[in-house]
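The structure appears below as structure tokens.
Number of protein chains: 2
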Amino acid sequence: MADIPARTELTVTTGPIRGSKKIHVPAQGNADVRVAMREIHLEPGSGEAPVRVYDTSGPYTDPAVKIDIMRGLPQLRRDWIVGRGDVDAYDARAVKPEDNGLSGPDRAKGVEPFPHVVRQPLRAKSGANVTQMYYAKRGIITEEMIYVAERENLGRARLKEYIRDGEDFGAEIPDYVTPEFVRSEIARGRAIIPNNINHPESEPMAIGRNFLVKINANIGNSAVASSVAEEVEKMVWSIRWGADTVMDLSTGRNIHDTREWILRNSPVPIGTVPIYQALEKVGGIAEDLTWEIFRDTLIEQAEQGVDYFTIHAGVRLAYIPMTAKRVTGIVSRGGSIMAKWCLSHHKESFLYEHFDEITEICKAYDIAYSLGDGLRPGSIADANDEAQFSELYTLGELTKRAWEQDVQVMIEGPGHVPMHKIKQNMEKQLEACGEAPFYTLGPLTTDIAPGYDHITSGIGAAMIGWYGTAMLCYVTPKEHLGLPDRDDVKVGVVTYKLAAHAADLAKGHPAAKVRDDALSRARFEFRWRDQFNLSLDPETAEQYHDQTLPAEGAKTAHFCSMCGPKFCSMKITQEVRDFAAKQNQPSDQFIAAEDVEKGMAQMSEVFRETGSELYMGSGGREHD
Amino acid sequence: MADIPARTELTVTTGPIRGSKKIHVPAQGNADVRVAMREIHLEPGSGEAPVRVYDTSGPYTDPAVKIDIMRGLPQLRRDWIVGRGDVDAYDARAVKPEDNGLSGPDRAKGVEPFPHVVRQPLRAKSGANVTQMYYAKRGIITEEMIYVAERENLGRARLKEYIRDGEDFGAEIPDYVTPEFVRSEIARGRAIIPNNINHPESEPMAIGRNFLVKINANIGNSAVASSVAEEVEKMVWSIRWGADTVMDLSTGRNIHDTREWILRNSPVPIGTVPIYQALEKVGGIAEDLTWEIFRDTLIEQAEQGVDYFTIHAGVRLAYIPMTAKRVTGIVSRGGSIMAKWCLSHHKESFLYEHFDEITEICKAYDIAYSLGDGLRPGSIADANDEAQFSELYTLGELTKRAWEQDVQVMIEGPGHVPMHKIKQNMEKQLEACGEAPFYTLGPLTTDIAPGYDHITSGIGAAMIGWYGTAMLCYVTPKEHLGLPDRDDVKVGVVTYKLAAHAADLAKGHPAAKVRDDALSRARFEFRWRDQFNLSLDPETAEQYHDQTLPAEGAKTAHFCSMCGPKFCSMKITQEVRDFAAKQNQPSDQFIAAEDVEKGMAQMSEVFRETGSELYMGSGGREHD
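Protein chains in written order, with this note's numbering: chain A, 1 to 624; chain B, 1 to 624.
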């Protein structure tokens, strides 16, 4: 039966992903740290061990947890944070009407304030630094690092079955991830754990090229939301299918309240572009933006628990004219807001000028930078141009300044880039930004397929992920055309999940192949349900199967719709194996290439005995 | 309005693709050869020239042509073929009941014989050779080569506007394609023009790595076809969206008659896997296959006009045991039929043994070989293994043997290959097969996304196309799960079209960028209809747009649904340009990087005069 996910009264999607069970694995080094994973159980009798997969879905897929979005998720990290003794609770900044847009919140649209707002957020004690990078540089292994190590090790217990194989372009992926390895990666800036101390609900995760490739999904408020549950559901739906982080790109009214609902219910890090909210506070007039309004917005979001900020501080005044000759100019919204401000005042960007002050804020809450690429190319024609790379080198300069204060940094990247120019993006980023994690949007490898830009960009995403990009920002089929609906979000997430996994395979990530091999064996052995359950989207796989062969019996039948019941190429392979076995020889030696002629008649006889009764006949097409 | 394609009484899809006009361009060197192209007309007033695109759709999109599938298409090439004076007409082999399956044709299913079957097919005169390779090696430039040259030159008239840019991995793509270049590529085996002299309805096209990357769509008969028109429609639908060749993989009953209908109505080359039909003739019992039955099938299909044959002659007896230790064994249907035959008789493959005799047949009709990769990997685990490459080197040996008789050859390739192992496939193929065109199925870059295998394989297809593969065999979303329907075929074709185009861009194919740039300019200038019409799938692009902004006025509005009417990053860029222009300086110099501070107040004043009145405000999300 197809998976019809249950919804709670407040209409967020809950219940296990089909064929799967939520498990909590005690971490190496600290058994109190229990890491959530998903285990896919295969057919009894198949002799197959359950397959453990990385699980971004949080408690929503755990039947043992009662979900109540009015209360928010349990505060997994609260004790770890407080236990370090370097934070103070203090009275939060008062919420202002303009935090929800210039006209204030719109209660008619069903967006109420979250009923259990934290009135006393946490902040680093005066003079303290609470970033994971700060701890890491001082040799401290945090619970967050322990959690990440176990989470990334997923499946590596089976590594001994595999010969590692891949091309990692200079990455240094270990056989096993230890907490110490996580620490060292964070200390040198090669990975980040985005986890604001005011978002204790989050399950720690790492972004870095020596870890599994991650993906981000974007959500945003909608003017016609029927309830806050609808807004929360967008996040829940994204993480169900595999989003590792979610960016809330809401604009207009209700921004503050919507974000609060999302944060309190999110087990994944939440990123934002604070300039969007700041712009709302000045009625959408970019030139009216000031450092003071922007700074106040950062504090507002820091106290709520935003885990990473996109800051377009690399859009310097001098670079803006470089975009005038482009085919598509400036396509980043944040980039164009800053360009407008800079041009209007003819001043250097206030984000650039006040960068160290922003870093001070990040340091006090452990917010990671996602340094925005406001000048990224918006078309194949504009890829890898002067404006783009000028900004990138400024982002590199800012990375080093952030690292001086031990603030975690990742770097945003393009955009639209033809395949032959993708690698240069990765190489320049590594060089300019000292191996800080790269976080790219696609890139799209051609401009001519609107409606299919999840695919044009999925190609670029898989490639740049292979080359070393640590997180891929998804693109949905609606890109350039309209706003994604629920189905578009799912297609976007699954497409990026498969691109990230293809990258992990190609990098030679240990044990990435476990899932491919389990699925291929299920396919070969006609374990249809196992094939569905092991796939990234079991529902769609089953639906497609059922469109051709709807009968329930067809799911256990040892044939498929391509060749029908009487002939199957996979059965032939079984005969090859049986024949080899009957001869009592290792199958790879059973006929030596130079020995073909010998004993042909005799072997032919053996074969007729073993199983040449197999039927062939009606069927379909050559399927791969 | 969305494009609702018309259908003729016999229900094949006709009518222009929206926004496009069929044109016929006189070829350089022979104005009697008129090459079909599609011209996309852009908004009057945009100042944009029409964009010419490669057109595979044949007369079906030409309103000037009355389509009658009972008669078939006009015989474009008939005079060229007969004019060369090296063919004879002769009495065709009599159609046997078993040509339509062991039970003969099933007239109840609506498959009638084509009413105008050619009773007198053509064949090379005794001792003659009618292949394009034969002519090419002797310095003869045929009309087919002239046609191909003009067709490939598409858009290159505008090449002077472009600086060529790409990485072609040793291909030799010229600025302009001359008929002589086509001849030389065919002479050295680097390209083929598949065009059986008994398929004069086809519009010549080339497959080779110095030409545009091509794509193939597979079709097959269905047991529940309501009419022959449904079978013809599958081909018509595939080529409408861009299939350059179509393979008819029908099995079961009505094979012969269905193929006749398809060939007589197809403007693109048709490929088959003759062993499928031969197997039907022996009731599906692989071990009952004989060379005589196979040979008779080849003649049957040659006389009908099949343009290329997939022949799995590289599945040698000695290689079969190499598959025993694989995760997914032999997944090619043709490969497994031959494996079964070889094992059963314990004899070398009759395809391998009789290869030169098959070549004799190909030579007499100009049928190209598509040497099948019967041992291709069916999973990531099996990629690039001994069995696969052993077969590949045999295909290289057979290529040289075919070339000795001047028969055109392409080589089939995998399959399932992780990204880091794709390039090796291309390199070994070039080395083993003397640069004969490579024709791959995907490859799929991971096994874990059934339901999304058009995407897992589109990634691999784009990459291997970039590396040098000449034709990409499509994969639909139903791969591994069920039989594709009409929508699946379209999604598969468009996905492969975008992958092929991404490859052309990355190879630095001259003028490939013309379409991307035209679309990006349309996007930047909010010419929505132009953006739809320039896309690979105008219908889907418009539908997606309309889901968010359905009003007809929104198609001419200078904003999009992402940012709403009051703010747009693209407008900011226009302001940057206007500002630069008003200063009367070249835009790339208007502020020198080292001169930022100077005259800030003055410039700010200029900007306020030019256009800072632009509103910003309500909106959506950062869109790429």
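Quick reminder that beta carbons are idealized off the backbone N, C-alpha and C, glycines included.
Keep in mind it's a predicted model, so treat the numbers as computed, not measured.
Assignment of beta-bridge partners to B/Ile311 by DSSP yields B/Leu371. When Cβ-Cβ separations below 9 Å define contact, A/Leu122 makes no contact with chain B. In summary, B/Ile163 is exposed, with fewer than 16 beta-carbon neighbours lying within 10 Å of its beta-carbon over all protein chains present. It is roughly 9 Å from the alpha-carbon of A/Arg577 to the alpha-carbon of B/Gly329. Proximity of A/Met471 to chain B, defined by a Cβ-Cβ separation below 9 Å, is not satisfied.
When DSSP states are grouped into helix, strand and coil, B/Leu498 belongs to the helix group. For A/His501, the residues of chain B that pass the 7 Å Cβ criterion are Thr446, Ile448, in the order they occur in the chain.
A/Tyr369 has a beta carbon lying at 9 Å or more from every beta carbon in chain B.
Looking at the DSSP output, B/Cys473 sits in a beta bridge with B/Asn216, B/Leu441. In the three-state reduction of the DSSP assignment, B/Val82 falls in the helix class, which pools H, G and I.
Judged by DSSP in its simplified three-state form, A/Gly271 adopts strand. Pairing B/Asn153 with B/Ala302, the inter-Cα distance amounts to about 31 Å. For B/Trp466, the nearest CB of chain A lies under 9 Å from its own CB, placing it at the interface with that chain.
Relative to A/Ala31, the option among A/Leu212, A/Ala149, A/Gly451 whose CA is nearest is A/Ala149.
Contact check for B/Met463 and B/Ile422: beta-carbon distance about 5 Å, within the 8 Å limit, so the pair qualifies.
Cα atoms of B/Val514 and A/Ile380: separation of roughly 11 Å, rounded to the nearest angstrom. The Cβ atoms of B/Ile141 and B/Gly29 sit closer than 9 Å to each other. Only buried fits A/Tyr147, as 16 or more other CB atoms lie within 10 angstroms of its CB. Given a length threshold of 4 residues, each whole run of the alpha helix (DSSP H) inside the region 86-172 of chain B is given here in chain order: 132-137, 143-153. Contact of A/Gly15 with chain B by beta-carbon distance below 7 Å is absent, the smallest such distance being about 20 Å. Annotation: B/Gly413 is outside any alpha helix (DSSP H); the continuous beta strand (DSSP E) that includes it extends over 409-413. Under the three-state reduction of DSSP, B/Asp488 is assigned to helix. Looking at the DSSP output, B/Gly208 sits in a beta bridge with B/Ala191. By the neighbour-count criterion, in which 16 or more other beta carbons inside 10 Å mark a residue as buried, B/His24 falls on the exposed side.
Interface annotation, B/Pro418: in contact with chain A, CB-CB separation under 9 Å. Take B/Pro194, set aside five residues on each side of it, and the residues of its chain with a beta-carbon closer than 6 Å to its own are Pro269, Asp307, Tyr308, Ala368, in chain order. The C-beta of B/Tyr544 comes closer than 9 Å to at least one C-beta of chain A. A/Ala506 and A/Glu48 have their C-alpha atoms some 25 Å from each other. Sorting A/Ser535, A/Gln547, A/Arg376, A/Met322 by C-alpha distance to the C-alpha of A/Ser332 places A/Arg376 at the top. Residues of the region 513-525 of chain B with a C-beta less than 7 Å from any C-beta of chain A: Lys513, Arg515, Asp516, Asp517, Leu519, Ser520, Arg521, Arg523, Phe524, listed in chain order.
Neighbours of A/Arg577 across chain B, judged by C-beta separation under 8 Å: Ala324, Gly329. Distance from the CA atom of A/Trp237 to the CA atom of A/Lys21, rounded to whole angstroms, is 18 Å.
Among the residues of chain A, none has a CB under 8 Å from the CB of B/Ala128; the nearest is roughly 33 Å distant. A contact between stretches requires three or more CB pairs, one per stretch, nearer than 8 Å, and the region 429-442 of chain A meets this requirement with the region 400-416 of chain A. DSSP, reduced to helix, strand and coil, places A/Arg333 within a helical segment of the structure shown. The beta carbon of B/Thr469 sits closer than 6 Å to the beta carbons of Phe438, Thr440 from its chain, once the five residues preceding and following it are set aside; these are given in chain order.
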